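Chemist:
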Amino acid sequence: MALISGFIVGFIVGITLVLGFVLSENRRSHSRQRLAIATSALSKLSLDDLRKVFSNYKQPMPPWIVFSQSHKVSWMNQELRRIWPYVDQAASELARTIVEPILDQYKPPLISSLKFNKFTLGTVAPQFVGIGMVDDMENEVVMEIELEWDGNPSIILGVTTSFGVSLPIQVKNAAFAGIFRVIFKPLVKDLPCFGAIVYSLRRQKKLDFTLKVIGGDIKSVPGLAGAIDEMIKTAITDSLLWPVRQIVPIVPGDYSNLELRVVGTLHVKLVQAKDLLNKDLAGKSDPFARTFIRPIPSRMKRSKTQNNDLHPIWNEKYIFDVEDPSTQQLTVQVFDDEGVQASEFIGGALFPLKNLEPGVLKDVWLTLVKDLDNVKEHKYRGQVQVELLYHEHGTVNPYLKRKFPMTSLETLMTNSNGHPQQELQASPGKTLASPRRMDTSPQSFQPSHVDLVSPRIDEDDEFNRGVLTVTVIRAENLIAADTNGLADPYAVLRMKKSDQKIRTKVLNKTLQPEWNQTFDFVVEDAIHDMLIVEIWDHDTFGKDYMGRCALTLSRVVREEEYEEGYQLDGVKSGKIFLHMKWTSQPLSAHFGKF
13 MALISGFIVG FIVGITLVLG FVLSENRRSH SRQRLAIATS ALSKLSLDDL
63 RKVFSNYKQP MPPWIVFSQS HKVSWMNQEL RRIWPYVDQA ASELARTIVE
113 PILDQYKPPL ISSLKFNKFT LGTVAPQFVG IGMVDDMENE VVMEIELEWD
163 GNPSIILGVT TSFGVSLPIQ VKNAAFAGIF RVIFKPLVKD LPCFGAIVYS
213 LRRQKKLDFT LKVIGGDIKS VPGLAGAIDE MIKTAITDSL LWPVRQIVPI
263 VPGDYSNLEL RVVGTLHVKL VQAKDLLNKD LAGKSDPFAR TFIRPIPSRM
313 KRSKTQNNDL HPIWNEKYIF DVEDPSTQQL TVQVFDDEGV QASEFIGGAL
363 FPLKNLEPGV LKDVWLTLVK DLDNVKEHKY RGQVQVELLY HEHGTVNPYL
413 KRKFPMTSLE TLMTNSNGHP QQELQASPGK TLASPRRMDT SPQSFQPSHV
463 DLVSPRIDED DEFNRGVLTV TVIRAENLIA ADTNGLADPY AVLRMKKSDQ
513 KIRTKVLNKT LQPEWNQTFD FVVEDAIHDM LIVEIWDHDT FGKDYMGRCA
563 LTLSRVVREE EYEEGYQLDG VKSGKIFLHM KWTSQPLSAH FGKF
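The numbering used here puts the first residue of the sequence shown at 13, with every later residue one more than the last.
1) CA-CA distance, PRO121 and LYS184?
2) Hey, how far is the Cα of MET558 from the Cα of VAL225?
3) Are the Cβ atoms of ASP202 and VAL274 separated by less than 7 angstroms?
4) Quick one: using the 10 Å Cβ neighbour count with 16 as the cut-off for buried, is GLU576 buried or exposed?
5) In the DSSP assignment, what residue or residues form a beta bridge with PRO501?
6) Go ahead and pull the three-state DSSP assignment for LYS70.
7) From TYR211 to THR135, what does the alpha carbon distance come to, in whole angstroms?
8) On the CB-based measure, 16 or more other CB atoms within 10 Å of its CB, does HIS403 come out buried or exposed?
9) Given a cut-off of 7 angstroms, decide if MET592 and TYR578 are closer than it, judged by their beta-carbon atoms.
10) With a Cβ-Cβ cutoff of 7 angstroms, do LEU543 and ARG393 count as a contact?
11) Report the rounded CA-to-CA distance for PHE531 versus LEU365, giving the unit in angstroms.
12) Between VAL398 and VAL280, how many whole angstroms is the CB-CB distance? I'm expecting something under 8 angstroms.
13) Apart from the five residues on each side of it in sequence, which residues of its chain come closer than 6 angstroms, Cβ to Cβ, to ASP220?
14) For ILE181, which residues from the same chain have a beta carbon less than 6 angstroms from its beta carbon, with the 5 sequence-adjacent residues on both sides left out?
15) DSSP three-state label for TRP326, please.
16) Shortest alpha-carbon distance to ARG477 belongs to which of GLU526, GLU488 and GLU536?
17) If we ignore side chains and look at the alpha-carbon of each, how far apart do PRO337 and ASP375 end up?
18) Mapping the DSSP letters down to three states, classify ILE491 as helix, strand or coil.
19) Can you give me the C-alpha to C-alpha distance between GLU335 and ARG306, rounded to a whole angstrom?
20) Determine the burial state of SER315: buried for a count of at least 16 other Cβ atoms within 10 Å of its Cβ, exposed for fewer.
21) For TRP161, tell me which candidate among TYR267, VAL482, ARG567 and TRP96 has the shortest Cα-Cα distance.
22) Should VAL283 and THR564 be called a contact, given that it needs their Cβ atoms to be closer than 7 angstroms?
23) Could you have a look at PRO264 and say whether DSSP puts it in helix, strand or coil?
24) For GLN579, does the three-state DSSP call read helix, strand or coil?
25) Using the Cα positions of PHE300 and GLY360, report the straight-line distance between them to the nearest angstrom.
26) For LEU505 and ASP385, what's the separation of their Cα atoms in angstroms?
27) Rounded C-beta distance between SER104 and LEU126? I'm assuming under 8 angstroms.
28) How many Å lie between THR595 and LEU373 at the Cα?
29) Evaluate contact between the region 250 to 266 and the region 291 to 299, counting only Cβ atoms and requiring at least three cross-stretch pairs below 8 angstroms.
30) Among all the DSSP beta bridges, which residues are the ones paired with GLU526?
31) Hey, how far is the Cα of LEU362 from the Cα of MET312?
32) Look at the alpha carbon of ALA239 and the alpha carbon of ASN164, and state the distance between them as a whole number of angstroms.
33) Quick check: what's the CA-CA separation for ILE485 versus VAL569?
34) With distance defined between alpha-carbon atoms, name the residue in LEU380, ARG108, GLY351 and LEU213 nearest to GLU156.
35) Within the same chain, show all residues whose beta-carbon is closer than 6 angstroms to that of LYS521, passing over the 5 residues directly before and after it, in chain order.
36) If you count every other CB in all the chains shown that lies within 10 Å of the CB of ASP500, and 16 or more means buried, which is it?
Have a look at this one:
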C-alpha cells in the first residue's frame, strides 16, 4: 500500500509540476509577444510623437525614450569624448577655412574686414541627444541627429571697422542645440553603397553666444555688437539651415540634382488680425507683421504699421520662393511698433506648406502664440488671417486656367462700334457705387500675348478688374444699441483701396434685420482691394458701432459666386450674410494692360 500510495502521490505531483511549468511558459510567451509588439510600436514613434505621449509626464523623460536606445547614444557620446581632442584639431582648421569666407560675404557696412586670429572648439565635446531614421524615402537613406553643445571655444575675431578701428573680439559662452539631417544618396550597388552625403541643419533650436572686446568695451563702437551678432546668425541660416544643404561626393558622378533649387512660389496675402494682445499702457498697440519662409532678412516681408489698432487690416500681398514644400513652413510674427525703441513681440504662428494643395486658394486664421516651440500656451494673443496659394513651377498658371470670353464689363465699356464708353450705368434694380476714373483711352486697349505656362505669377500678370456684385441679405444676433434692448441697424459697404462707399436702408427696432439689397462696385484692382462691411445703429444725433467684417476678393474672383455668413469683429455677437458675385472677367485678357 505504501508503494502504491507513493506512486499515486508522485504521479499527481509530477503532473501538477508539468502542468504548472507549461502554464508558466505560456504566460511568459504571451508576455514576450506583448512586449515585442509594444517595443515594435514604440520604435516607430517619432520624437514629436513621444513628446506628445509624455507631455503630462512630470518627471524628466527617460533617456532611452529619445530617438533610440540609451546605450546607443551613450556609447556614441563616450566615443566622441574620447576622440574629441583630435577632432578639435582637425575640425578647427577646417571650420576656419570654411567659415571665414562665408562671414566675409555677410559682413555689414560697419565692418570693412574680418578674419579669425584664433579658432579652436575647446575641450567640451557635443552631446548626441538622439538619432532617428526618416522612413518612406526612395533611393536614399535619411538620418536625423539631434545635438547639444555648451562649449568653451576659444574664438578671437580680428575686426576692422569702416572707421579704421581694429578690435580683437572674443566669442564666449557658445551654446547650440539643433537637429542635423544627413542624407546618403543615391544608393548604388558598389561600396560604400551610396554616391554622396548631403548634410544640413534641419532645425535650429538654440544659438547663443556673447561678444567681448579684449581689453575694452564693445559698446564703445555703437552698433558693432548687434552687427556681428546678426552677421553670424544670418550666415548660419543662409548657408546651413534646411533646405540649404551641403553636398560631399563620395563616388565620382553628377550630383547637380541634389543641389538646392526653387520648385514653386507661395502667394501670401496678409489680410488682417483681430483681438491682438495690447502691449501699450496708454492707448492701443501699433501692430505690424513680419512674414517669411526662410528667416533671412533679405527674404522677410514687413507690413505697414497700423497705429492704435488691435484689429488691424493690412491686405498686403507677398510672393516667396519655395524650395521644399514638404518640410518648409510659413511664419507670421506680429509686433508692436515702438518707434526708435525695440518693437515688442505680440505673437507668432506657423503654417506648414505641406497642407497646401497646388493651385487651390486656402484662407486660414492662425492663432498667435508667444513661443512657436510651445504651442500649448493658454494666454490668448489674437489671430491673424492669411490667404495662401501655392503654385508649382512648370504647371499651368492658376490664374489662367480657362479662356476668357467677352465680359459684361467690357461690354459696358465698349459700344457697338467697339469704342470705349465714357460712363458706366448700373444694372436694373441695383446701385452702382461711384468708381475712380479709369483709363479708357484707345491706346490702353492694345492686345497682348498671354503665356499659359508661367514659372512665376507676378502681380502684373494677374487679371483683377471687374464688377463686384454684393447682396446684403440679413444679419442676426446683433448687439443691442438702444435702451429698449433693440437697435436701428444699417450696413455701410466700402471698398478699401478705391474708397467707394454705399449704405443700406435703416431697419427700425430689430436685432435680426433683413435688407436683401444689391450693390455693384467697379473694381480696378481686386488683388489689393477688399470689401469692408460695417454695421451701425442709427440715432437721431449720432450712430453706434455694431461690428464689422473685412473680406478680400480672392475667393469671389476665383469662384465667381458664393454665399456666406460672417461673424462681426469688435463686438460680442453678430453675424451678417452676404451673396458675392464676380460678374466680369479681366480686361487684359482682350485689351492688354491699362
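The beta-carbon is built from N, C-alpha and C at its ideal position, and this holds for glycine as well.
Being a predicted model, the structure only gives us computed values, none of them experimental.
Modeler: A quick look at the data gives this:
1) To locate residue 121, count along the sequence shown from 1; it is residue 109. To locate residue 184, count along the sequence shown from 1; it is residue 172. Straight-line Cα distance between these residues: approximately 24 angstroms.
2) Looking up residue 558 in the sequence shown gives position 546. Looking up residue 225 in the sequence shown gives position 213. Computed Cα separation, rounded: 59 angstroms.
3) For the purposes of this step, residue 202 is taken as the residue at position 190 of the sequence shown. For the purposes of this step, residue 274 is taken as the residue at position 262 of the sequence shown. No, Cβ-Cβ distance for ASP202 and VAL274 is not below 7 angstroms.
4) On the sequence shown, position 564 is the one that residue 576 refers to. By the 10 Å Cβ count, GLU576 comes out exposed.
5) Counted from its first residue, the sequence shown places residue 501 at position 489. The partner list for PRO501 (beta bridge, DSSP) reads ASP549.
6) Locating residue 70 in the sequence shown gives position 58, where the first residue counts as 1. Low local confidence applies: a pLDDT of 46 at LYS70 is under 50, so the model's placement there is unreliable, with the coordinate-based value given in what follows. Of the three classes helix, strand and coil, the one that applies to LYS70 here is coil, per DSSP.
7) Walking along the sequence shown from the start, residue 211 turns up at place 199. Walking along the sequence shown from the start, residue 135 turns up at place 123. Their Cα atoms are separated by approximately 24 angstroms.
8) Taking the sequence shown and counting its residues from 1, one reaches residue 403 at position 391. Burial call: buried.
9) For the purposes of this step, residue 578 is taken as the residue at position 566 of the sequence shown. For the purposes of this step, residue 592 is taken as the residue at position 580 of the sequence shown. Against a cut-off of 7 angstroms, the Cβ pair of MET592 and TYR578 comes out as no contact.
10) For this step, residue 543 is matched to residue 531 along the sequence shown. For this step, residue 393 is matched to residue 381 along the sequence shown. No, the pair does not count as a contact, with Cβ atoms beyond the cut-off.
11) If you number the sequence shown from 1, residue 531 lands on position 519. If you number the sequence shown from 1, residue 365 lands on position 353. If I take the Cα positions, the gap works out to 37 angstroms.
12) If you number the sequence shown from 1, residue 398 lands on position 386. If you number the sequence shown from 1, residue 280 lands on position 268. That belief holds up - the Cβ atoms of VAL398 and VAL280 are roughly 6 angstroms apart, short of 8 angstroms.
13) To locate residue 220, count along the sequence shown from 1; it is residue 208. Only ALA187 meet the Cβ criterion.
14) Start at 1 with the first residue of the sequence shown, and residue 181 comes out as number 169. Answer for ILE181: LEU169, VAL171, LEU223 and VAL225, listed in chain order.
15) To locate residue 326, count along the sequence shown from 1; it is residue 314. Strand.
16) Sequence index remark: in the sequence shown, residue 477 carries index 465 (1-based). Taking only the C-alpha atoms, the option nearest ARG477 is GLU536.
17) Against the sequence shown, residue 337 aligns to sequence position 325. Against the sequence shown, residue 375 aligns to sequence position 363. C-alpha separation (whole angstroms): 18 angstroms.
18) Within the sequence shown, residue 491 is the residue found at index 479, counting from 1. Note: ILE491 maps to coil in three-state DSSP.
19) Looking up residue 335 in the sequence shown gives position 323. Looking up residue 306 in the sequence shown gives position 294. Their Cα atoms are separated by approximately 10 angstroms.
20) Mapped onto the sequence shown, residue 315 falls at position 303. With 16 or more other Cβ atoms within 10 Å, it is buried.
21) On the sequence shown, residue 161 is found 149 positions in, with the first residue counted as 1. Ranking TYR267, VAL482, ARG567 and TRP96 by Cα distance to TRP161 puts TRP96 first.
22) Position 271 of the sequence shown holds residue 283. Position 552 of the sequence shown holds residue 564. Cβ atoms of VAL283 and THR564: closer than 7 angstroms.
23) Numbered from 1 along the sequence shown, position 252 holds the residue referred to as residue 264. DSSP places PRO264 in coil when its eight states are reduced to three.
24) The residue labelled residue 579 in the question sits at position 567 within the sequence shown. Strand, per DSSP.
25) Residue mapping note: residue 300 aligns to position 288 of the sequence shown, counting from 1. Residue mapping note: residue 360 aligns to position 348 of the sequence shown, counting from 1. Using only the alpha carbons, I get a separation of about 12 angstroms.
26) Within the sequence shown, the letter at position 493 stands for residue 505. Within the sequence shown, the letter at position 373 stands for residue 385. So the alpha carbons of these two residues sit roughly 41 angstroms apart.
27) Locating residue 104 in the sequence shown gives position 92, where the first residue counts as 1. Locating residue 126 in the sequence shown gives position 114, where the first residue counts as 1. Between LEU126 and SER104 the Cβ distance is about 17 angstroms, and since that is not below 8 angstroms, they are no contact.
28) As a first step, residue 595 is located in the sequence shown; it is residue number 583 there, counting from the start. As a first step, residue 373 is located in the sequence shown; it is residue number 361 there, counting from the start. For THR595 and LEU373, the distance between alpha carbons rounds to 20 angstroms.
29) no
30) The residue labelled residue 526 in the question sits at position 514 within the sequence shown. ARG486, per the DSSP bridge assignment.
31) By 1-based counting over the sequence shown, the position of residue 362 is 350. By 1-based counting over the sequence shown, the position of residue 312 is 300. Approximately 14 angstroms, taken between the alpha carbons.
32) On the sequence shown, position 227 is the one that residue 239 refers to. On the sequence shown, position 152 is the one that residue 164 refers to. Using only the alpha carbons, I get a separation of about 23 angstroms.
33) Translated into positions along the sequence shown, residue 485 becomes position 473. Translated into positions along the sequence shown, residue 569 becomes position 557. Straight-line Cα distance between these residues: approximately 20 angstroms.
34) Here residue 156 is taken as the residue at index 144 of the sequence shown, counted from 1. Of LEU380, ARG108, GLY351 and LEU213, the residue nearest in Cα terms is LEU213.
35) Locating residue 521 in the sequence shown gives position 509, where the first residue counts as 1. So the qualifying residues of the chain are LEU498.
36) On the sequence shown, position 488 is the one that residue 500 refers to. So ASP500 ends up on the buried side.
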